[in-house]
Amino acid sequence: MSQEQVDILKRALERERKARKAAEKILEEKSRELYFTSQRLESLLDEKSSQLQGVFENIIDAFVLMEINGTILKFNDAATKLFGYDIKNDAVNVLSLVHKDDYQYAMASFEQLRTKGYFKNYEARIYTKSKEVKWVHINASLVYDRDNKPIAAQGIVRDITQEKALKEELEEQKNQLSIIINNSPIGISLSKTGYSGLLQINQSLIDMLGYSSEELKTMRIQDITHPDDEERSKKARTQLVNGDIDKFRLEKRYIKKDGSIFWAKTNVTAVRNSSGAIDYQVATIEDVSKEREAKEKLIESENRLATLVLNLDSGIILEDENRKVVLTNNKFCELLNFDRPVEEIYGMDCSDAAQQNKVLFKNPEAFVERMNAIDEAKVEVIGDELEMHDGKILERNYLPIIIGEQSKGFLWTFTDVTLKRTYRKRLEAQKQKYYSIIANMNLGLVEVDIDEKILMVNQSFTEMSGYDEAELLGQYASTIFNTEEAKDTIASENEKRKRGESNSYEVKVKTKTGDEKYWFVSGAPNYDMNGSVVGSIGVHIDITALKTLELQKEKLLLKLERSNDELQEYAHIVSHDLKSPLRSIDALVSWLKEDNKGKLDDMSMRNFELIEATLEKMEQLISDVLDYSSVGTESNQKEAVDLEKKLSNILSMLYVPEHIQIKVLKPLPTVQGDATKLQQLFQNLISNAIKFIDKEEGKISIDFDDLKSHYKFSITDNGMGIEKKYHDKIFKIFHALNKSKDSTGIGLSIVKKIVDLHEGQIWLESEPKVGTTFYFTLKK
3 MSQEQVDILK
13 RALERERKAR
23 KAAEKILEEK
33 SRELYFTSQR
43 LESLLDEKSS
53 QLQGVFENII
63 DAFVLMEING
73 TILKFNDAAT
83 KLFGYDIKND
93 AVNVLSLVHK
103 DDYQYAMASF
113 EQLRTKGYFK
123 NYEARIYTKS
133 KEVKWVHINA
143 SLVYDRDNKP
153 IAAQGIVRDI
163 TQEKALKEEL
173 EEQKNQLSII
183 INNSPIGISL
193 SKTGYSGLLQ
203 INQSLIDMLG
213 YSSEELKTMR
223 IQDITHPDDE
233 ERSKKARTQL
243 VNGDIDKFRL
253 EKRYIKKDGS
263 IFWAKTNVTA
273 VRNSSGAIDY
283 QVATIEDVSK
293 EREAKEKLIE
303 SENRLATLVL
313 NLDSGIILED
323 ENRKVVLTNN
333 KFCELLNFDR
343 PVEEIYGMDC
353 SDAAQQNKVL
363 FKNPEAFVER
373 MNAIDEAKVE
383 VIGDELEMHD
393 GKILERNYLP
403 IIIGEQSKGF
413 LWTFTDVTLK
423 RTYRKRLEAQ
433 KQKYYSIIAN
443 MNLGLVEVDI
453 DEKILMVNQS
463 FTEMSGYDEA
473 ELLGQYASTI
483 FNTEEAKDTI
493 ASENEKRKRG
503 ESNSYEVKVK
513 TKTGDEKYWF
523 VSGAPNYDMN
533 GSVVGSIGVH
543 IDITALKTLE
553 LQKEKLLLKL
563 ERSNDELQEY
573 AHIVSHDLKS
583 PLRSIDALVS
593 WLKEDNKGKL
603 DDMSMRNFEL
613 IEATLEKMEQ
623 LISDVLDYSS
633 VGTESNQKEA
643 VDLEKKLSNI
653 LSMLYVPEHI
663 QIKVLKPLPT
673 VQGDATKLQQ
683 LFQNLISNAI
693 KFIDKEEGKI
703 SIDFDDLKSH
713 YKFSITDNGM
723 GIEKKYHDKI
733 FKIFHALNKS
743 KDSTGIGLSI
753 VKKIVDLHEG
763 QIWLESEPKV
773 GTTFYFTLKK
């Protein structure tokens with residue numbers, strides 16, 4: 003490097019050293035100045051911070067200070083209360099407060115804040131710490147440092163949840179009111195005091211009058227009012243405008259655009275401002291032309307209706323608003339046992355009548371209290387039951403009659419439901435009985451799908467099969483019922499059920515233990531909601547014991563058949579052998595009478611006649627024994643039997659002591675049956691009556707009633723009677739007595755069999771020392 007260059011560099015270095023000293027001096031002066039300035043600024047900042055802190059803490063709305071990234075730096079008390087967070091302990095970012103449905107709106111507002119430095123009138127939903135949703139209104143701005151760089155954001159947050167709800171409710175009410183007005187079938191108009199036309203008209207009024215909305219807004223009320231009704235209408239309008247009344251109601255005529263006239267109910271109501279002056283008038287117009295026509299027809303039909311009401315099968319009573327009777331009918335008088343004409347009930351006070359007639363009911367006070375409670379509530383009552391002393395049950399209904407807003411009376415109806423309630427109770431008893439039977443029946447229940455896979459079994463079926471429920475569910479029925487007969491039968495019957503057929507069948511199966519059982523299965527198809535067969539349900543009954551009994555029964559029937567044949571053969575032999583000596587004695591008696599004709603006195607002849615009658619009776623008794631042995635065999639051959647003649651023959655054969663009188667209260671009818679067995683029936687019952695009469699004056703009466711398909715007979719005596727505990731066994735007891743004291747042939751057991759053969763029933767009523775009545779029915 004040359005000397006010249008070195009010199010140049012030295013000079014430059016010197017200049018630079020001088021310049022640095024000058025700069026350091028300037029910098030020192032500026033630093034001193036800046037220090038004093040910063041001291042003044044710190045003092046001013048402390049003052050302003052103190053002022054701002056007071057504003058921050060005492061502002062009514064919530065104040066929020068946050069970092070640019072959304073981290074909350076500070077809440078005032080109002081913000082803490084609004085959001086529920088304690089900033090000292092909770093780290094909160096503003097994004098966690100934004101409602102999920104308002105997220106895009108919030109991002110756009112934050113972008114505006116970032117680019118413009120503020121946003122106003124932000125309204126959206128936020129989440130509080132407790133996840134409660136609230137509506138807020140926010141005005142926000144950025145906070146800048148000395149270099150005009152944004153370092154934070156601040157905002158005033160106002161809770162507008164309640165205000166929002168009120169606005170929505172008000173808007174909803176306005177919409178509802180608008181819908182109601184526009185869709186109301188009644189014409190509605192709004193007019194302003196001092197304004198000649200109509201401000202607002204709904205569609206119904208436009209349709210009713212035939213004018214357009216624009217035409218009606220330029221018209222006066224008197225322009226569409228019929229001239230004959232204008233004076234009344236004007237008077238009412240004047241009173242309303244002058245403040246004498248707040249509303250009025252008229253029924254008047256209106257003129258349509260086409261010149262036609264219709265009647266309408268008009269209701270006008272004043273709308274006053276806060277100072278009490280009338281600003282608007284609201285009118286409703288309801289076309290009642292058809293109603294007026296209907297009134298005339300209604301008046302014409304009142305007489306017909308009154309006649310109908312008087313002859314209804316339900317008792318009715320119509321009261322006016324003062325509880326005076328204005329209408330009733332004959333059925334009401336009949337049900338409540340009133341013996342006065344219907345007209346005399348009109349005008350009666352129902353409260354007084356209820357007090358007077360409460361004695362007709364089983365619970366008189368409850369009857370009156372309930373009636374008063376119904377009347378006070380004035381609410382419709384259906385199906386109230388009343389029980390009367392005579393056993394009658396009445397159903398009482400109550401209907402208040404309201405016309406407009408006024409009570410015009412009350413309608414009571416009374417219906418005799420005694421038979422219906424009795425039937426219902428019996429039906430309920432029967433239902434409960436069958437529920438109990440089903441609940442206690444030993445029935446196995448199985449449900450299978452369309453492929454015979456078992457879906458459900460009950461406890462009884464698991465006990466029948468020996469398998470647990472877990473072993474059966476999901477298995478195929480054909481693998482469980484593993485006999486070849488069962489597989490084939492089940493497959494065949496399942497095909498029927500797939501076709502929608504219900505069926506019943508017997509099947510032989512093997513249980514889990516290998517025991518062979520006989521089951522009776524009743525199956526029915528199971529349908530889905532679309533009516534398609536999706537499987538079947540089967541009820542299973544174990545009939546193994548029954549099948550065993552059937553086999554035993556077949557053997558016993560064969561044995562019994564042989565025994566019956568032998569018994570009948572024996573009875574024929576015995577009856578023949580017994581009748582032979584009787585016939586010999588009868589012949590000898592005849593010879594004695596013939597040989598001593600004219601020699602015997604009257605007493606001897608009567609004794610011979612008694613011997614002959616006794617022999618005839620003995621022969622008849624022997625015949626009865628033969629019949630008794632075959633009485634269980636039904637005969638298809640029936641004939642018409644005149645019971646009046648048959649009874650006459652029986653009474654001529656029986657020995658009736660002189661102290662016993664037999665009366666037939668009316669001629670007996672003719673029935674279809676076996677003449678011999680019917681004779682045995684009456685002969686045995688009358689003989690028993692004679693036998694057990696222990697009174698000095700014996701009385702026996704015979705009577706019958708016609709029961710359409712049967713005749714009901716009765717044979718009553720005043721004998722010694724029978725204790726009630728023996729009534730159910732009486733036929734067996736008398737048969738045993740008659741075996742030891744033979745006086746009535748084959749006794750009462752044969753009587754019951756004969757009645758059974760004639761499709762009837764027999765029973766008795768008896769009291770000791772009073773007598774006995776045998777009742778029995780015979781098919782016509």
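Mind the numbering: the sequence shown is residues 3 to 782 in the numbering used here, read in order. The beta-carbon is built from N, C-alpha and C at its ideal position, and this holds for glycine as well.
query: Put Y124 into one of helix, strand or coil per three-state DSSP.; result: strand
query: Between the C-alpha atoms of W521 and R564, what's the straight-line distance to the nearest angstrom?; result: 32 Å
query: Given a threshold of 16 other Cβ atoms within 10 Å of its Cβ, counted over all protein chains shown, does G56 qualify as buried or as exposed?; result: Below a pLDDT of 50, predicted positions are generally treated as unreliable, and G56, at 47, falls in that range; the measurement from the model is reported next regardless. It is exposed - the Cβ of G56 has fewer than 16 other Cβ atoms within 10 Å.
query: For S716, which three-state DSSP category applies?; result: strand
query: List in chain order: all unbroken beta strand (DSSP E) runs of 3+ residues lying wholly within the region 525-567.; result: 535-544
query: Would you report the Cα separation of V335 and C352, rounded to the nearest angstrom?; result: Note that residue 335 corresponds to Cys in the displayed sequence, not to Val. Rounded to whole angstroms, C335 to C352 spans 14 Å at the Cα level.
query: Between D604, V284 and S768, which lies nearest to Y728 when the distance is taken from Cα to Cα?; result: S768
query: Do the CB positions of L750 and N686 come within less than 8 Å of each other?; result: yes
query: In angstroms, rounded to a whole number, what distance separates the CA positions of D708 and K714?; result: 6 Å
query: What is the rounded straight-line gap between the Cα of H737 and the Cα of K726?; result: For H737, the predicted model reports a pLDDT of 46, less than 50, meaning its position is unreliable; a value from the coordinates is still stated below. Taking the straight line from one Cα to the other gives about 18 Å.
query: Cβ atoms of R127 and D63: under 8 Å apart, would you say?; result: no
query: Can you have a look at S277 and say buried or exposed, based on whether 16 or more other CB atoms are within 10 angstroms of its CB?; result: exposed
query: Buried or exposed: G773, going by 16 or more other Cβ atoms within 10 Å of its Cβ?; result: buried
query: Do you know whose CA, among V145, E113, E378 and W137, lies nearest M68's CA?; result: V145
query: If you scan the region 205-254 from start to end, which runs of the alpha helix (DSSP H) of 4 or more residues do you find wholly inside it?; result: 205-211, 215-219, 223-226 and 229-243
query: So what's D604 in DSSP terms, helix, strand or just coil?; result: helix
query: Assign K644 to one of three DSSP states: helix, strand, or coil.; result: Note on identity: in this sequence residue 644 is Asp, with Lys being the wrong assignment. Residue state, collapsed to three classes: strand.
query: Could you pull the start and end residues of the beta strand (DSSP E) that Y146 belongs to?; result: V135 to Y146
query: What distance in whole Å lies between the Cβ atoms of I188 and E345, which are believed to be in contact at a cut-off of 8 Å?; result: Incorrect: roughly 42 Å between the Cβ atoms, too far for contact.
query: Going by other Cβ atoms of all chains shown within 10 Å of its Cβ, with 16 needed for buried, is K292 buried or exposed?; result: exposed
query: Once you ignore the five residues that flank D451 on each side, which residues in its own chain have a CB closer than 8 Å to its CB?; result: L457, V536 and G537
query: Just checking, does the region 516-532 make contact with the region 542-559 on the three C-beta pairs under 8 Å criterion?; result: yes
query: For P669, is the classification buried or exposed, using 16 other Cβ atoms within 10 angstroms of its Cβ as the cut-off for buried?; result: exposed
query: According to the Cβ coordinates, are I203 and S191 closer than 8 Å?; result: yes
query: What first and last residue would you give for the beta strand (DSSP E) that runs through Q477?; result: Where Q477 is concerned, there is no enclosing beta strand (DSSP E), given that its DSSP letter is neither H nor E.
query: Note down, in chain order, each residue of its chain lying with its Cβ closer than 8 Å to the Cβ of P152, except the 5 sequence neighbours on either side.; result: I70, R116, G119, L144, V145 and Y146
query: Less than 8 Å separating the beta-carbons of V673 and V643?; result: yes
query: Once the 5 residues before and after F483 are set aside, which same chain residues still bring their CB inside 8 Å of it?; result: K489, I492, V509, V511 and K512
query: Quick check on the burial criterion: 16 or more other C-beta atoms within 10 angstroms. Buried or exposed for S742?; result: Note that S742 has pLDDT 39, beneath the 50 cutoff, so the model's placement of it is unreliable and the number below is only indicative. Its Cβ having fewer than 16 others within 10 Å, S742 is exposed.
query: What three-state label does DSSP hand D351 in the structure shown?; result: strand
query: From L580 to G723, what distance separates their C-alpha atoms?; result: 35 Å
query: Under DSSP, the beta strand (DSSP E) around L396 begins and ends at which residues?; result: I395 to I405
query: The beta strand (DSSP E) that contains V273, what's its start and end?; result: I263 to R274
query: Looking only at its own chain, which residues have a Cβ that is under 8 Å from the Cβ of K498, when we skip the five neighbours before and after it?; result: N505
query: Does the beta-carbon distance from M390 to K422 come in below 8 Å?; result: no
query: Do T424 and G468 have their C-beta atoms within less than 8 Å of each other?; result: no
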